[in-house]
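Note that my numbering has the sequence shown beginning at 38, numbered continuously upward. Glycine included, C-beta positions come from ideal geometry on N, C-alpha and C. Everything below concerns the one structure shown next.
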Amino acid sequence: MKVAIVAGTRPEVVKLAPVRAALGARPGFEPFWISTEQQSALNSQTLETLGIVPDMRLAPPADDRSLGSRFAQVMDQLDTALGEVRPDLVVVQGDTSSTAAGAMAAFARRIPIAHVEAGLRTFNLATPFPEEGWRCVVGQLADLHFAPTGLAAENLARQGVGADRIFVTGNTGVDSVRLTAAGIAPEPLAPGMRRILVTLHRRENWNSSLEQVLDALLDIRDHVPDVEIVFVAHANPALRQRVFARLLGESRIRIVGPLEYPDFLALLKSCVLVLSDSGGVQEEAPVFGVPVLVLRESTERMEAVNAGVARLVGVGRAGVAAETCRLLTHEGQRQVMARALSPFGDGYAAERIAEVLTRYQATSLAAGRSARLNAG
Ligand code: UDP
């Protein structure tokens with residue numbers, strides 16, 4: 038069974054690498070990695086770190102084009118690619134433009150679709166934008182839905198997906214943490230200091246929210262004398278420029294990144310707290326017992342909030358600073374959130390996905406045989 042794995046961003050590479058490995062280890066599967074190059078630099082960095090050589094690389098979509106135009110470029114190339122590769126199944130992950138374009142291109146060519154990390158919803162198409170829209174589209178088109186949690190499975194059922202097509206597997210991002218982080222030591226820290234890690238990159242925070250958060254970081258630094266703040270910057274040049282303009286040269290604040298995935302995990306392991314709008318980071322930090330303050334008004338990953346290891350703090354300067362300072366000055370309150378648990382999976386999601394696909398392959402082969410017999 039030839040399985041085209043479509044990915045083009047850092048989180049897709051992190052979360053589909055274990056699926057590729059699990060399928061590659063089973064007889065009868067031929068994984069074929071199609072790289073859409075949506076986030077050209079981050080995608081390449083992560084592919085290299087995880088030792089993946091794509092079987093096919095598309096031309097990166099033009100940076101200066103609109104979201105719709107970039108989407109159309111990816112979709113057009115994927116259509117040609119799927120026509121050449123002729124896979125039996127297309128696997129997409131999450132909620133990026135590549136995810137939606139991969140699913141739509143497969144649908145148009147009548148190729149079955151499996152969606153990894155299916156069922157995440159805020160039920161608000163405006164946040165996160167465009168991700169909520171993309172994953173709703175894929176939710177309508179996919180044949181197999183690999184939901185990371187029971188909550189995600191319920192969301193799919195609410196949207197009319199049949200129970201026989203939903204499989205609760207855990208999130209494959211936790212598999213990557215398990216496979217990568219075991220041998221990694223936390224990044225060293227000066228004696229007597231505590232470290233917090235910050236990431237902020239999502240499209241809905243590209244407005245003045247970014248400066249609000251950056252100012253909150255300066256407030257936190259001023260109020261907590263033993264804190265070191267590490268801002269892990271995204272590759273996006275406009276965002277980087279704004280972060281550097283506000284934070285460069287400030288004492289006890291460092292700007293780093295984009296980091297290689299193992300280095301990022303080492304840094305995450307060394308922190309007492311993380312402030313982030315990233316989806317993947319909300320899933321990874323609880324594995325290490327690092328509390329997460331989510332820099333968003335809502336999240337499609339309520340499992341961590343419900344488990345008490347993450348909290349939504351929005352992006353207002355006062356709220357972000359107050360909540361962070363409260364946890365840094367009341368260690369008991371921080372400890373309550375610092376339980377190492379993994380609401381998003383046990384690190385064996387890819388194995389479960391491979392198991393389902395093995396059964397699916399057997400059923401498809403049997404169906405194909407009986408169709409041939411009937412035709413004959
Ligand atoms: N990550 C990384 N290097 C960095 C920052 C993040 O490897 O400098 C990893 C992180 O461990 C997680 C993923 O990138 O697995 C999250 O990606 P991102 O925040 O870009 O996207 P999101 O998860 O919000 O879709």
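Distance, residue j Cα to residue i Cα
i: Ala219; j: Ala190; result: 29 Å
i: Glu248; j: Val357; result: 12 Å
i: Ile233; j: Leu304; result: 9 Å
i: Lys39; j: Thr395; result: 12 Å
i: Ile89; j: Ala143; result: 23 Å
i: Ile290; j: Pro228; result: 16 Å
i: Glu297; j: Gly405; result: 44 Å
i: Ser72; j: Ser379; result: 29 Å
i: Leu126; j: Ala179; result: 11 Å
i: Thr83; j: Val50; result: 7 Å
i: Arg63; j: Ser315; result: 32 Å
i: Ser401; j: Gln177; result: 21 Å
i: Arg279; j: Glu265; result: 20 Å
i: Ser103; j: Ser245; result: 21 Å
i: Ala194; j: Asp100; result: 37 Å
i: Pro299; j: Ser307; result: 13 Å
i: Asp383; j: Lys52; result: 14 Å
Cutoff 8 Å; reference residue i; Cβ partners in own chain excluding five residues on either side
i: Thr159; result: Pro165, Glu169, Ser335, Thr336 and Glu337
i: Cys173; result: Arg158, Leu162 and Gln196
i: Val250; result: Val235, Leu237, Asn242, Leu312, Leu332, Val352, Arg354 and Val357
Nearest-angstrom Cβ-Cβ length linking residue i and residue j, presumed shorter than 8 Å
i: Leu181; j: Ala151; result: 4 Å
i: Val342; j: Arg348; result: 6 Å
i: Leu312; j: Leu330; result: 5 Å
i: Ala386; j: Asn192; result: Going by Cβ atoms, the distance from Ala386 to Asn192 rounds to 17 Å, so no, they are not a contact pair.
i: Thr136; j: Ile390; result: About 16 Å separates the two Cβ atoms, so there is no contact after all.
i: Glu74; j: Ala96; result: 7 Å
i: Gly345; j: Val318; result: Gly345 to Val318, Cβ: 17 Å. No contact.
Reference residue i, options the options, closest by Cα
i: Ala184; options: Gly131, Pro223 and Ala222; result: Gly131
i: Arg354; options: Asp383, Val327, Ser307 and Asp252; result: Asp252
i: Pro68; options: Ala58, Ser77 and Pro328; result: Ala58
i: Phe66; options: Gln82, Val51, Ile42 and Glu85; result: Ile42
i: Leu237; options: His271, Leu95 and Gly187; result: His271
i: Gly156; options: Met339, Thr361, Gly351 and Glu85; result: Met339
i: Ala466; options: Glu368, Ser77 and Gly61; result: Nothing in the structure corresponds to residue 466, since the chain is present only between 38 and 413.
i: Thr86; options: Gln398, Phe325, Ala322 and Pro295; result: Pro295
i: Glu321; options: Arg239, Val211 and Pro91; result: Val211
i: Val56; options: Ala399, Ala403 and Glu388; result: Glu388
Same chain, Cβ closer than 6 Å to residue i, five either side skipped, listed in chain order
i: Gln110; result: Pro98
i: Trp243; result: none
Residues near residue i in its chain [Cβ-Cβ closer than 7 Å; skip 5 each side]
i: Asp263; result: Gly229, Met230 and Arg231
i: Gly187; result: Val205
i: Gln35; result: Here the chain has residues from 38 to 413 only, and residue 35 is not among them.
i: Arg47; result: Gln76, Leu79, Asn80 and Thr83
i: Ser213; result: Val51, Lys52, Ala54 and Pro55
Original post:
Which runs of the alpha helix (DSSP H) spanning at least 4 residues fall entirely within the segment 320-372, listed in chain order?
Top reply: 339-343 and 354-366
Original post:
Along the chain, which unbroken stretches of the alpha helix (DSSP H) at least 4 residues long are found entirely within the segment 216-277?
Top reply: 246-260
**OP:** Tell me the start and end of each unbroken beta strand (DSSP E) in the segment 136-187 that is at least 3 residues and wholly inside, in chain order.
**Re:** 150-153 and 181-184
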